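Asker:
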Amino acid sequence: MKLPEIGTYAIAFLIILALIFLLPRMMPGDPLTAICGEEVLVEMTPELKAELVHRFALDEPLWSQFFVYLTGIMHGDFGYSYYYNAPVLEIILEALPWTLLLVGTSLVLSTVLSIIIGIESGWRRGKVSDKFLLTTTMILNGFPDFFIGIILLLLFAVYLGCLPLQGAKTPYSDLSGINSMLDIAQHLVLPLIALTLAQLPGSYLLMRNTMITTLKEAFVRTAKAKGLSEVAVRYKHAGRNALLPIVTTTGVRVGIIFTGALFIEIIFSYPGVGLLSYNALLMRDYPILQGVFFIVAVFVILANFVVDLLYTKIDPRIGVDNTEYAH
Amino acid sequence: MIELRELEVMYGKRRVLHGINLTLKRGESLSIVGESGGGKTTLGLSIIGLVEGTVRGEILFEGKNLVALAEKELKAIRWNRIAMVFQNVENALNPLYTVLDQVSEPIVVHKLGDRNEATRRAGELLNRVNLPEGRFYAYPHQLSGGEKQRVLIAMALANDPDLIIMDEPTTALDALTKVEIINLIHTVCKERELTILLLTHDFYAASTLSDRMAVLYAGRIVEFGSTPALLSNPRHPYTRGLLRCYPSMTTTKDLQGIKGRMEFFDVGCPFHPRCTQSIGICREKAPRLEKNDGRFIACHRGGIIPLLELRDLSKSFDSLKAVDSIDLTLYEGETLALVGESGSGKTTTAKLIMGIFGATEGRIYLEGKQILGRDKSFYQRVQMIFQNPMESLSHRLSVLEAVREPLDVQKLGNREQRESMVRQILDEVELPSSETFLNKYPHQLSQGEAQRVGIARALILNPKLLIADEPTSALDASTQAKVVKLLLNLQEKRGIGMLFITHNLALARKISDRLAVMLKGIIVEEGPSNEIVSSPLHPYTEDLLKAAPTLSSRVHAVPERTSERNDGTGCPYANRCNKVTEVCFNEKQRLSSLSTHKVACMLCTATD
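So the protein lines, in turn, are chains X and A.
For the record, in the first sequence the residue sitting at position 283 is 283 according to the working numbering, with numbers rising by one throughout.
If you want the working numbering, it's the 1-based position in the second sequence plus 1000.
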């Protein structure tokens, strides 16, 4: 990857930082409340207020406030939640692994699944199996993200009772090793399926469409003429070429899947960043919200960066060594 | 090696190939030529079983019917026995893999060697097709068009196949690269004794790479024979049309197209809407491919028909033999230029055909029937335009009356119909059909306009044969250019056969398909215009060519009279010929065939 492209990511990152910094300060009312959350009012004393004003440099011009904010972030200081009575970073780091587990697994699962069924569906275009897949996905696509979650919850956890109703692990159990992992996996199943199903239709449709267009390309005919097996034609030649748009959109999807996770975590009371920010919103715990925004933004940018790196690996036409042979 | 029997391909309800029968022996090369969309690629793909339509008939490959073969067996044949060189357009190579990878892939897939062995062999092949070593690990987008075509050829050779199908391997390449690729294919195929099926619209590739040629039009083979024979003497109207569209360095006639566009028909000859010699049956029944004079032609009329045939035609005025037993054939839709100096008997020949003079001896055939008397129907088929347009139009007739006169004579249509026909024909010869113009008299017209009126008058009866006697020699250069273009356009549209009489060889070669050189009543040389111009055989033709106008500052040498002897018993050019021998004075040489020409010269026949 070239330096200017890394520069682009740096600029995007700075803009996001500036927005997170500016938003609470532009909100109507006392900026102190906006920065520290409403909970702070409970224990507000003149001394505390003076200390906070000093800490955030609220009596100084905006640029020095931003400087103070930046230095804070560099030292891992994302503020203090007066609701939890703990530093924001600590609370977020506690919730983050769960979200990463859910979002990461779902992202991988939905991408891989949509690629495979997209390739197979596009290959069988117009046949019964293709039509079935297409119709099913269209129906899934019609539901709101959380609707599938509620149905799954009712069906498997309430009626059948075969899967846990909520949480990420059985509370107060003293499981360890393999049993602990099994317990976590059991709790993960329903939210994971709900989130993946919500993510699937878009990527599947894109993959199927690209596959259909790719199958018309001349090199597919070349591959068939060479006497290659159908699987090789489908995956090695057509599939790999059809992959490119999916990879691009996966970067974009990271942002969307975090939003999806917000709903799913609420439904399943899954103790991730989504549930955390939901509660923070209810409690007007602004420091937590700002911290979550920051973390999510970092992950989205990181994901896009990784996708860009990946892209040059899959498509030789994009990359640094392009000019080497060019005519 | 491979035989197609009654091969048919349908895309849904559309039949793309109709009853194709072809045989290809080991080591032979066959080209299928025709316009794009005619079914060439479908034909190629159907052989390796990759066509997306339904295939009927048989494709026998070493006795096995490929059409009925299971997919698994077909896969074993693909690339191992029958490989394909694809046209280098829109990603014939996969953009995501290096070319070395793609060339070695079929070796690995067909288990002819492990990865290393395959890579080594692929490297050898890429070397063989002269791809620079540094490019082996390049991706397709990093290569030029010629290099990609080389890779495609190397890839086809990977599994050492017996039959290679090449689909437009030279299209979209620049001139030098094209020659390089053609040479490469040529040597590689000779080296490996490959059998080739070449699908192309490029006559150059077909002429250098194939022994035999089949012309495919709208899913049917219309002409099939040896490549040189088809190229030098096309017999199906479509083949001739294609060749007329193809610019080559030996083409002399202006490029002409084929009227209309390709359509697929289930009944009738597919070419009939574009054919200028189609008759009733052409619309009703598709012609079979039948053997005809050393080749196969699918045409109800047996190929391009002879329109006018002169056999042993002579005319004497007292003791002067103005026309001395000439033989000439003019085919439908072609121009035969009759070239010669004043007094050579050109105009007499024209007048003999028109019946202005009666022939002393000989026969004239029009569309195969001998002309015994000339009634009105003869003049509906044959018309003439003259050298001096002003004098050929009556001073007392307006444009309307002059052009309408043939209709009046033939009593065709009523007054209004005749007038609308006049307007229509004036449109066709690019003249105004306004009231003012219709009422003009010849003296009010320019030379060019007058000649167009003359052409309109000749064409209003829709004749098949037009005798044009020096039609442009009285016109200035720009008017001449326009009239010549007009005549060629009318020929393309209506398939008029034209006997173009002129003394101007430079003009004759631009308008004619064939040339006949006339001297003192006899034809001394005859043949395809381009060959007469590029390699004349008769000394008189040679001298005429030397005297033809060029724009160089060089002064032309006119052949000097070498002898005063000429009693009419020997060669008419004997007294001016610088290669003359004693025999030339004593013996008249008959016109005899030599390669594609016919020539009447002692020396030429002797050297052959």
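Cβ coordinates follow ideal geometry from the N, Cα and C atoms, glycine included.
Keep in mind it's a predicted model, so treat the numbers as computed, not measured.
According to DSSP, which residues form a beta bridge with X/Phe-294?
Answerer: DSSP lists no partner for X/Phe-294.
Asker: With a CB to CB cut of under 6 Å and the five nearest residues on each side skipped, what residues in its chain are close to X/Leu-215?
Answerer: These residues qualify, in order along the chain: Ala-238.
Asker: Using a Cβ-Cβ cut-off of 8 Å, state whether A/Pro-1132 counts as contacting chain X.
Answerer: It does not: the Cβ of A/Pro-1132 has no partner Cβ on chain X nearer than 8 Å.
Asker: Under 8 Å Cβ-Cβ, which residues of chain X neighbour A/Ala-1172?
Answerer: The premise fails here: A/Ala-1172 is roughly 13 Å from chain X at the closest Cβ pair, so nothing lies under 8 Å.
Asker: Are X/Gly-142 and X/Tyr-270 close, meaning C-beta to C-beta below 8 Å?
Answerer: No. Outside cutoff.
Asker: From the DSSP output, in three-state form, read off A/Lys-1291 for me.
Answerer: Correct three-state label for A/Lys-1291: strand.
Asker: Pair every Cβ in the segment 1403-1420 of chain A with every Cβ in the segment 1454-1466 of chain A, then say whether three or more of these pairs are closer than 8 Å.
Answerer: In short, these stretches touch, since the Cβ pair count reaches three.
Asker: With a threshold of 8 Å between beta-carbons, can X/Thr-8 be considered close to chain A, or not?
Answerer: No, X/Thr-8 lies away from the interface with chain A (no Cβ there is under 8 Å from its Cβ).
Asker: Roughly how many angstroms separate the alpha carbons of A/Leu-1030 and A/Thr-1098, rounded to a whole number?
Answerer: Those two C-alpha atoms are separated by around 32 Å.
Asker: Check whether the segment 217-235 of chain X touches the segment 62-70 of chain X, counting contact only when three or more Cβ pairs, one atom from each stretch, lie closer than 8 Å.
Answerer: Not touching, per the Cβ criterion.
Asker: Measuring alpha carbon to alpha carbon, tell me which residue in X/Leu-310, X/Gly-291, X/Ser-277 and X/Val-300 is nearest X/Gly-76.
Answerer: Of the candidates X/Leu-310, X/Gly-291, X/Ser-277 and X/Val-300, the one whose C-alpha sits nearest the C-alpha of X/Gly-76 is X/Gly-291.
Asker: Give a single yes or no on whether A/Leu-1412 has its beta carbon closer than 7 Å to a heavy atom of the ligand NAP.
Answerer: Among the ligands in the structure shown, none appear at all, so the ligand NAP cannot be discussed.
Asker: Would you say X/Ala-225 reaches chain A, if we count a Cβ-Cβ gap shorter than 8 Å as a contact?
Answerer: X/Ala-225 counts as touching chain A.
Asker: Find the residues of chain A that neighbour X/Pro-316, judging by a C-beta separation of less than 7 Å, and give them in chain order.
Answerer: Those are Leu-1096 and Tyr-1139, listed as they occur along chain A.
Asker: Can you tell me which of A/Glu-1052, A/Cys-1577 and A/Ser-1046 puts its alpha carbon nearest to the alpha carbon of A/Pro-1539?
Answerer: The residue with the shortest Cα to Cα distance from A/Pro-1539 is A/Cys-1577.
Asker: So, does the CB of X/Leu-228 fall closer than 8 Å to a CB anywhere in chain A?
Answerer: It does; some Cβ of chain A falls within 8 Å.
Asker: So if DSSP puts A/Ser-1420 in a beta bridge, which residue, or which two residues, is it bridged to?
Answerer: According to DSSP, A/Ser-1420 bridges with nothing at all.
Asker: With H, G and I counted as helix, E and B as strand and the rest as coil, what does DSSP make of A/Met-1166?
Answerer: Correct three-state label for A/Met-1166: strand.
Asker: With a Cβ-Cβ cutoff of 8 Å, do A/Pro-1247 and A/Cys-1269 count as a contact?
Answerer: No. Outside cutoff.
Asker: Suppose the cutoff is 8 Å on Cβ atoms and the five residues either side in sequence are ignored; what does the same chain contact list for A/His-1395 look like?
Answerer: The residues are Tyr-1441, Pro-1442 and His-1443.
Asker: Look up A/Phe-1061 in the DSSP assignment and give the residues it is bridged to.
Answerer: According to DSSP, A/Phe-1061 bridges with A/Ile-1002 and A/Lys-1064.
Asker: Compile a chain-ordered list of the residues in the segment 1093-1119 of chain A whose CB is closer than 9 Å to at least one CB of chain X.
Answerer: Going along the segment 1093-1119 of chain A in chain order, one finds Leu-1093, Asn-1094, Pro-1095, Leu-1096, Tyr-1097, Thr-1098, Gln-1102, Glu-1105, Pro-1106, Val-1109 and His-1110 with a Cβ nearer than 9 Å to chain X.
Asker: Tell me, please, which residues DSSP counts as bridged to A/Met-1262.
Answerer: DSSP output for A/Met-1262 lists no bridge partner at all.
Asker: Taking X/Ala-242 as the reference, which of X/Val-273, X/Phe-263, X/Glu-230 and X/Asn-209 has the closest Cα?
Answerer: For X/Ala-242, the nearest C-alpha among the options comes from X/Asn-209.
Asker: For A/Arg-1199, list the residues DSSP reports as bridge partners.
Answerer: Note on residue identity: the sequence assigns Leu, not Arg, to residue 1199 of chain A. A/Leu-1199 is bridged to A/Ile-1032 and A/Asp-1167.
Asker: Can you tell me whether A/Arg-1078 is helix, strand or coil according to DSSP?
Answerer: Three-state result, A/Arg-1078: strand.
Asker: If contact means a Cβ-Cβ distance below 8 Å, which residues of the segment 226-256 of chain X contact chain A?
Answerer: Those would be Lys-226, Gly-227, Leu-228, Ser-229, Ala-232, His-237, Arg-240 and Asn-241, in chain order.
Asker: With 8 Å as the threshold, decide whether the Cβ of A/Asn-1080 is near any Cβ in chain X.
Answerer: Yes, because at least one Cβ of chain X sits closer than 8 Å to the Cβ of A/Asn-1080.
Asker: Check whether the Cβ of A/Asn-1091 lies closer than 8 Å to any Cβ atom in chain X.
Answerer: Closer than 8 Å to some Cβ of chain X, the Cβ of A/Asn-1091 qualifies, so yes.
Asker: Less than 8 Å separating the beta-carbons of X/Leu-58 and X/Leu-22?
Answerer: Not closer than 8 Å, so no.
Asker: According to DSSP, simplified to helix, strand and coil, what is A/Gly-1145?
Answerer: Three-state DSSP puts A/Gly-1145 in a helix.
Asker: Looking at A/Ala-1359: is its Cβ nearer than 8 Å to the Cβ of A/Leu-1313?
Answerer: Going by C-beta atoms, A/Ala-1359 is nearer than 8 Å to A/Leu-1313.
Asker: Suppose contacts are defined by Cβ-Cβ distances below 8 Å. Is A/Leu-1307 in contact with A/Glu-1332 by that definition?
Answerer: Yes, they are a contact pair.
Asker: Check the Cβ-Cβ distances between A/Leu-1050 and every residue of chain X, and say whether any is below 8 Å.
Answerer: Chain X contact via Cβ: present.
Asker: X/Ala-326 CB to nearest chain A CB: under 8 Å?
Answerer: Residue placement at X/Ala-326 cannot be trusted, given a pLDDT of 41 that sits under 50; what the coordinates show is reported in the next sentence. So, interface residue.
Asker: Does DSSP put A/Ala-1229 in a helix, in a strand, or in coil?
Answerer: In this structure, A/Ala-1229 counts as helix in the three-state DSSP scheme.
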